[in-house]
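Numbering (the numbering used here), first residue to last: 188 to 579.
Note that CB positions come from ideal geometry on N, CA and C, so glycine has one too.
Okay, so here's the structure we're looking at.
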Ligand SMILES: Cc1ncc(COP(=O)(O)O)c(C=O)c1O
């Protein structure tokens, strides 16, 4: 550490130089991330309220009330107004909270198990590791849809929870949530939906008249939902969300911190100190955009998705892994050859996609920062790479 501090201008200059190696959203390089540039107005609001701490909600009663208001507004678009919930550091923490509840609600099960699709996000493996839960992973069919018969066969007397995904990490697909709901109906099994990505896409796709199968609280057996503002909500990082149908679960399973200056409140969080600024920013984003603003953004992403999908299907040697249901495009080889070489070559040209070796696919997440010009350049490079590698 320096003895004497530097001038602000000098520090900013150093920072600019040191951060030059970061990829940027506006360059179009970041094609495989579920995060994007937050909405400008959200950033302004966040800066203004950056010091709010919801780790001690009794000191920030206005912020806490705003969080509640936001949750009930989100409940409205998720099909059940009277929900409770909380904002987290992201989808991983929200899924961890859900898995903890799953275990806590069934103390009678000594060896707790959760059944979920193999396409579930890695955060469930983390949660299972931390909580001592055994995961039973159901296979996918050749078209990447969930094999529901296999899913059902994994449910047994130790099953305390099941998970369905509304917007898989690899392909943005939606599991048959209604069918899973029917399987567990009348059984004491918690049903969590991971809509970390899809949560702020699907309600607007429905408004745009896309055919969206039921995935939210409109499905009777659904107990909780993860949906992240810092993905398609255009919120400030870090902000995930956990939403729960039955409010009594907070009293049954919440933590209570005895020493807080603002008094005792039950909460679900793993973290103590918790940003209030990100939540206030998301409240402002929702107020600012409204349903129509989100619809417009989602429509632009879907138009670009369809354009990219069409261009990929015209290239000999590669194909779409699945028809995109939302703004995620999976690319695989036509002859089953490994996709890794194509990914390596794309990286040399600074195209950063997600790679899923288990499914032999690379993935573009068509976030709002990606514009047509980026896609045209990407396709041009991709076409040349496929030709050069002679993958036909
Ligand atoms: C479906 C799904 N769930 C959970 C997560 C984890 O979210 P986070 O990175 O915000 O913890 C992701 C991340 O991409 C995801 O795609």
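ask   = Are residue 526 and residue 215 closer than 8 Å when you measure CB to CB?
value = no
ask   = Since residue 552 contacts residue 220 with CB under 8 Å, what's their CB separation in whole angstroms?
value = 6 Å
query = residue 226 by DSSP, collapsed to three states: which one?
reply = coil
message = Quick check: what's the CA-CA separation for residue 426 versus residue 564?
response = 32 Å
message = Within the continuous beta strand (DSSP E) that includes residue 411, where are the two ends?
response = 411 to 413
query = Quick one: what's residue 377 bridged to in DSSP?
reply = 348
task = Could you please give the first and the last residue of the uninterrupted alpha helix (DSSP H) stretch that includes residue 213?
result = Unbroken run through residue 213: none, as it is neither H nor E.
message = Report the CB separation of residue 400 from residue 371 in whole angstroms; it is logged as a contact under 8 Å.
response = Not really, about 17 Å apart at Cβ, beyond 8 Å.
Candidates 448, 358, 360 and 323, of which the one nearest residue 348 by Cα = 323
query = Should residue 201 be counted as a contact of ligand 1 given a C-beta to heavy atom distance under 7 Å?
reply = no
task = Determine the burial state of residue 405: buried for a count of at least 16 other Cβ atoms within 10 Å of its Cβ, exposed for fewer.
result = exposed
request  = For residue 195, count neighbouring Cβ atoms within 10 angstroms of its own Cβ and tell me buried if that reaches 16, exposed if not.
outcome  = exposed
request  = Tell me residue 454's beta-bridge partners as DSSP assigns them.
outcome  = 442
query = Leaving out the 5 sequence neighbours to the left and right, which residues in its chain are closer than 8 Å to residue 382 when beta-carbon positions are compared?
reply = 352, 353, 354, 389, 402, 403, 412, 413 and 414
ask   = Who are the near neighbours of residue 548 in its chain, counting only those whose CB is closer than 7 Å to its CB and skipping five residues on each side?
value = 357, 508, 517, 518, 519 and 526
ask   = Rounded to the nearest angstrom, how far is the Cβ of residue 465 from that of residue 292, given a contact under 8 Å?
value = Actually they do not touch by this definition, with Cβ atoms about 28 Å apart.
key: Continuous alpha helix (DSSP H) stretch holding residue 387: start and end   = No alpha helix (DSSP H) contains residue 387, which DSSP labels as neither H nor E.
message = Taking its Cβ as the centre, do 16 or more other Cβ atoms sit within 10 Å of residue 302, making it buried, or is it exposed?
response = buried
key: residue 398 to residue 392 span [Cα, whole Å]   = 8 Å
ask   = If we ignore side chains and look at the alpha-carbon of each, how far apart do residue 315 and residue 309 end up?
value = 10 Å
key: Residues near residue 430 in its chain [Cβ-Cβ closer than 6 Å; skip 5 each side]   = 270, 272 and 412
key: Burial state of residue 514, where buried means 16 or more other Cβ atoms lie within 10 Å   = buried
N- and C-terminal bounds of the alpha helix (DSSP H) containing residue 534 = 527 to 535
task = Kindly indicate the opening and closing residues of the alpha helix (DSSP H) around residue 361.
result = Per DSSP, residue 361 belongs to no alpha helix (DSSP H) and is neither H nor E.
query = According to the neighbour-count rule (16 or more other Cβ atoms, all chains shown, within 10 Å of its Cβ), is residue 407 buried or exposed?
reply = exposed
query = Does the beta-carbon of residue 306 have 16 or more other beta-carbons within 10 angstroms, so that it is buried, or is it exposed?
reply = buried
ask   = Are the beta-carbon atoms belonging to residue 570 and residue 502 less than 8 Å from one another?
value = yes
Residues sharing a beta bridge with residue 520, DSSP = 505
Contained alpha helix (DSSP H) runs [length at least 4] in the segment 278 to 313, N- to C-terminal order = 278 to 291
message = Could you check whether the Cβ of residue 343 sits closer than 8 Å to any Cβ belonging to chain D?
response = In the displayed structure, chain D is absent; only one protein chain is listed.
task = Quick one: grab the DSSP three-state call for residue 462.
result = strand
Proximity to residue 343 [Cα-Cα], best of 299, 223 and 459 = 299
query = Quick one: is the Cβ of residue 362 within less than 7 Å of any heavy atom of ligand 3?
reply = Ligand 3 is absent from the structure shown, which contains only ligand 1.
ask   = residue 512 and residue 359 look like a contact to me (Cβ under 8 Å); what is the Cβ gap, rounded to whole Å?
value = 6 Å
query = Using the C-alpha atoms, what's the distance from residue 530 back to residue 217?
reply = 13 Å
inquiry  = Quick test of your reading: residue 504 and residue 275, contact by CB under 8 Å. State the CB separation rounded to the nearest angstrom.
reply    = Between residue 275 and residue 504 the Cβ distance is about 42 Å, and since that is not below 8 Å, they are no contact.
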